[in-house]
Amino acid sequence: MWTSLKELIWEKRNRPFTFIVNVAGLILAFTAVIVMYTHLIGEWNHDADVEHRKDIVRVEMSWGLTGGAYAPWLGDVMPEVEQYCRIFLDNNAAVHVPAQQETEEVFIREKVFLVDSTYASFFSLRMVRGDSTYRPDGVLLSESAAKQLFGESDPIGKTLILRHNIPLTVQALFKDIKNPGIRSPRILGMLETANRLFGSKMTEEWDFANFETYLRLKPGTDRIQFTGKFKQLYAAKLKEIGYKEDQISQSVNQDLIRNYTDIYFDNEVLGFADHGNYNDLRILMMLTILVLGISIINYVNIATAKVAEKSRTIGMKRILGAGRTSLIAFLVFDSVFTCFIAMGAAWALAQGLAFFLQQWIGLGDMSQLTFWSALVLWVAVPLLCGLLSGIFPAFYLTRLNRFDTMNSQRNESLALQRFKSGLMILQFAVSMGLIISTLFIYKQVNYMKHFDTGYDRKNIVVVHGNREQVLYSKYPGFRTALLQNPAVLKVGASKDPIYNIRERGFHLDVSGWDNKGAAYVTWVDVPFLDLMGLKILEGEGFHEADQVIKDIGWSINQKFIINQRMAKEIASLAPEQNYLGGNRIGVVKDFNFRSMHEPVSPMYLGLLGGFNSQIDVYIRIAPENREKALQYIESCYREFYPGTLYQYSFMEDDYARLYGSEDVFALKLLFFSVLSVVIACLGLLAFVVFFIEQKTKSIGLRRVMGATEFQIMGLLNRNFLIRLLAGFVLVCPVAYFVVLRWLSDFAYKTELSWWVFAGAFILMFVIALLCVSMLTWKAATANPVNSLKNG
514 MWTSLKELIW EKRNRPFTFI VNVAGLILAF TAVIVMYTHL IGEWNHDADV
564 EHRKDIVRVE MSWGLTGGAY APWLGDVMPE VEQYCRIFLD NNAAVHVPAQ
614 QETEEVFIRE KVFLVDSTYA SFFSLRMVRG DSTYRPDGVL LSESAAKQLF
664 GESDPIGKTL ILRHNIPLTV QALFKDIKNP GIRSPRILGM LETANRLFGS
714 KMTEEWDFAN FETYLRLKPG TDRIQFTGKF KQLYAAKLKE IGYKEDQISQ
764 SVNQDLIRNY TDIYFDNEVL GFADHGNYND LRILMMLTIL VLGISIINYV
814 NIATAKVAEK SRTIGMKRIL GAGRTSLIAF LVFDSVFTCF IAMGAAWALA
864 QGLAFFLQQW IGLGDMSQLT FWSALVLWVA VPLLCGLLSG IFPAFYLTRL
914 NRFDTMNSQR NESLALQRFK SGLMILQFAV SMGLIISTLF IYKQVNYMKH
964 FDTGYDRKNI VVVHGNREQV LYSKYPGFRT ALLQNPAVLK VGASKDPIYN
1014 IRERGFHLDV SGWDNKGAAY VTWVDVPFLD LMGLKILEGE GFHEADQVIK
1064 DIGWSINQKF IINQRMAKEI ASLAPEQNYL GGNRIGVVKD FNFRSMHEPV
1114 SPMYLGLLGG FNSQIDVYIR IAPENREKAL QYIESCYREF YPGTLYQYSF
1164 MEDDYARLYG SEDVFALKLL FFSVLSVVIA CLGLLAFVVF FIEQKTKSIG
1214 LRRVMGATEF QIMGLLNRNF LIRLLAGFVL VCPVAYFVVL RWLSDFAYKT
1264 ELSWWVFAGA FILMFVIALL CVSMLTWKAA TANPVNSLKN G
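Under the working numbering, read the sequence shown as residues 514 to 1304, first letter to last.
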């Protein structure tokens, strides 16, 4: 074995170009494999930090949420429940650290989870130090949150302020959760804080669904029997609360529990969970295999390109007594050895690029690999690729008899030439397919960002209240002051961003509908519709006299404006009623209030007030006075809301961030596309070098017979460009189908324009032409005497 290894090393020193091209292609491919493999392992092992995840279920009642009273009740009446945990999300809450010993004043916005005292044990938090036992005013911080808020000082026992008026004391620190999962909290407050936030005992409410409720069942609990028993108890409880029979039937006849492990990849699941995307993972895994396949094709093409030289070496070994089996083993070992060298270099490259890749495309964290997953990556992958790369050249080069192998004129058969040509066509096809897919994804993202959503989002500054009531308390005066400046054109307020409305309600007075009346809803002030350019098609809009100022969320006298889709829904499900009537006063033209993945659905608008007073302020400014307007808005804010965090953004930017996941996916695809093109070009360069070496005498003869440099170049380039065209014809229908399938997830999609396909071909044509022409020009301009002498 050591003799063979020395021979391989000596051979690679004698043919450095072949070795460098092979290894460079494999290094790039293995880097992609390392990056993608670690990402896939993390996604597939999501929530791996949660020790008892297989025994945990989430209670499903109202879009993934329940009233606060259900968890302790279920813990009492169902002996199968070993432990429960409720979670309330205070999304993007203001967190203020006042100046105190060794700590400077800090303001941040952060997701704050308010949880039961069982959370740490329930979800297997890894505590660092401190005391995590229940304390009503306590808060737990991750190490990164503690450093952000308190710097290098010890945070234990120090105070932070939630939502400007609720002091909390830091009890303990826990390790950051790096593994993908449905939740990666950085700040955990106690559930009692939710009662303090809203001035009520919401943790004891049955009707108001504000909490995710998780149950840890005893190991071995039959889920079907548990669900049946749960439904019986739930029906009895609803009857006790005062629900009608039809309401009870509708509430009970739904899925009441969901396995914890099923939540992450189910994007239809509502609640506070983060989600992964199976489709994106499948696509990225396929791309990784394609890139790896291109590098293997490179190896096979290069290994068989200098067939005459290799076959003479093999023929000499066979004359000296080497058997075919040992020769095959030697050639396969050569490719395996090369793959392991490339994997080692790829690991170093991936480590060096890890930070960049994580920041740019969200890939590259290698810290989550277990022993067995690392064994697959570092041993199984290069071994398999080495076998695949070496097996064909080994069998082909050893199938000839010892006399044929010594005859350089008979080494490359027509079948081998066609086989290599087919591999090159496949390389070109894969590279162009990735370019086409990348261009279409960028085209779709751009289409979504500039789509006419039915409202005017240009030149609008959003002053964020982040679901707090602080802005609403002095909003009328703040709005009046803003309008004093001519750079401020219009001012309005809304509870939810108009492009991402998430609240659903049952406020419409439609008899006989019961829960069918549920629809998306948001709450706005009177000027908001005019500010956004929303058009009333029938009925009337809101008036100042309609504004709800009582300390209530809504009442039967509240008025609502429905969209066209809602009007059609009422007309179809309750035809005996007019869609304008009762508490419905107008119909607004349909506009897109959710992601472009979803079509416009029924929704309605209500007026701000009471519980619905957690607003953001929207300010349309004159674009020519942008800087002055921003300065004036900030000065007004600090005058009306001193001591609070001022945070603003432009609505166009907020809307664009709604498609951040598509942006990141496009970057990932771009990463793999660039790798595939680079690897293909490396293989093309090597192949051209060998091709020109074989044609050296032919080129010299043509030059002697009077052929010009450009005629020689055209002759040499033609073969490669014909293969490029064949690859384009092959990939077009495949790319069309794949892109069409990806676009099917969007309700509004861009056109499958012909110019994208043409652009991908032209781009690959230019790249290939430059690669080939650099070498063919050198061959065409060489001295024909030297060509004939050396040929």
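Virtual Cβ for every residue (Gly too), placed ideally from N, Cα, C.
All values derive from a computational prediction rather than experimental measurement.
Along the region 1153-1178, the alpha helix (DSSP H) occurs as fully enclosed runs of 4 or more residues at 1164-1170, listed in sequence order. For residue 664 and residue 730, the gap between their C-alpha atoms comes out near 40 Å. In the DSSP secondary-structure assignment, residue 627 is bridged to 601, 702. Taking the C-beta atoms as reference points, residue 600 is found no nearer than 8 Å to residue 773.
For residue 1129, DSSP records a beta bridge to 1007.
By the Cβ rule, the region 570-579 counts as touching the region 712-732, because three or more pairs are nearer than 8 Å. With 16 or more other Cβ atoms inside 10 Å of its own Cβ, residue 944 counts as buried.
Here residue 1116 carries a strand assignment [DSSP, helix/strand/coil]. Note that the C-beta distance between residue 1047 and residue 1106 is not below 8 Å. Non-local beta-carbon contacts of residue 704 in its own chain, meaning distances under 7 Å to residues more than five positions away in sequence, involve 599, 601, 627, 628, 629, 716 in chain order. Shown here, residue 1056 sits in coil according to DSSP, grouped into three states, outside any helix or strand. Contact check for residue 565 against residue 693 fails: the beta carbons are separated by 8 Å or more. Distance from the CA atom of residue 941 to the CA atom of residue 999, rounded to whole angstroms, is 59 Å.
Distance check between residue 1079 and each of 751, 708, 1118, 986 places 1118 closest, using alpha-carbon atoms only.
By the Cβ-count criterion, residue 1231 is exposed, with fewer than 16 other Cβ atoms from all chains shown falling within 10 Å of its own Cβ. Nearest to residue 849 by C-alpha distance, out of 899, 1096, 710, 803, is 899. Just so you know, the alpha carbons of residue 1012 and residue 1260 end up roughly 15 Å apart. The three-state secondary structure of residue 640, taken from DSSP, is strand. Assignment of residue 769 by DSSP, reduced to helix, strand and coil, places it in the coil class. Residues of the same chain with a CB within less than 8 Å of the CB of residue 798, apart from the 5 flanking positions on each side, are 549, 553 in chain order. Residue 1235 and residue 846 have their C-alpha atoms spaced approximately 35 Å apart.
Where residue 583 is concerned, the enclosing alpha helix (DSSP H) starts and stops at 583-590. As for any alpha helix (DSSP H) of minimum length 4 sitting wholly inside the region 1080-1116, there is none. Short of 6 Å from the beta carbon of residue 754, and not among the five residues preceding or following it, lie these beta carbons of its own chain, in chain order: 719. Distance from the CA atom of residue 732 to the CA atom of residue 593, rounded to whole angstroms, is 9 Å. Check the Cα spacing between residue 1280 and each of 659, 948, 662: the tightest is with 948.
Residue state for residue 1138 is assigned as helix, using DSSP reduced to three classes.
For residue 684, the enclosing beta strand (DSSP E) covers residues 679-687. Linking residue 563 to residue 635 through their CA atoms gives a straight-line distance of about 8 Å. Residue 1057 and residue 1071 have their C-alpha atoms some 13 Å from each other. Per the coordinates, the alpha-carbon of residue 1275 lies some 14 Å from the alpha-carbon of residue 1245. Contact annotation, residue 937 with residue 895: C-beta distance approximately 24 Å; criterion of less than 8 Å not satisfied. The beta-carbon distance between residue 1162 and residue 975, rounded to whole angstroms, is 5 Å. This is short enough to meet the 8 Å contact definition. When the five nearest sequence neighbours on each side are left out, the beta carbons in the same chain lying within less than 7 Å of the beta carbon of residue 1040 are those of 1003, 1004, 1005, in order along the chain.
Residue environment for residue 1186: buried (at least 16 other C-beta atoms within 10 angstroms of its C-beta).
Assigned with DSSP and collapsed to three states, residue 1265 falls in coil, not helix or strand.
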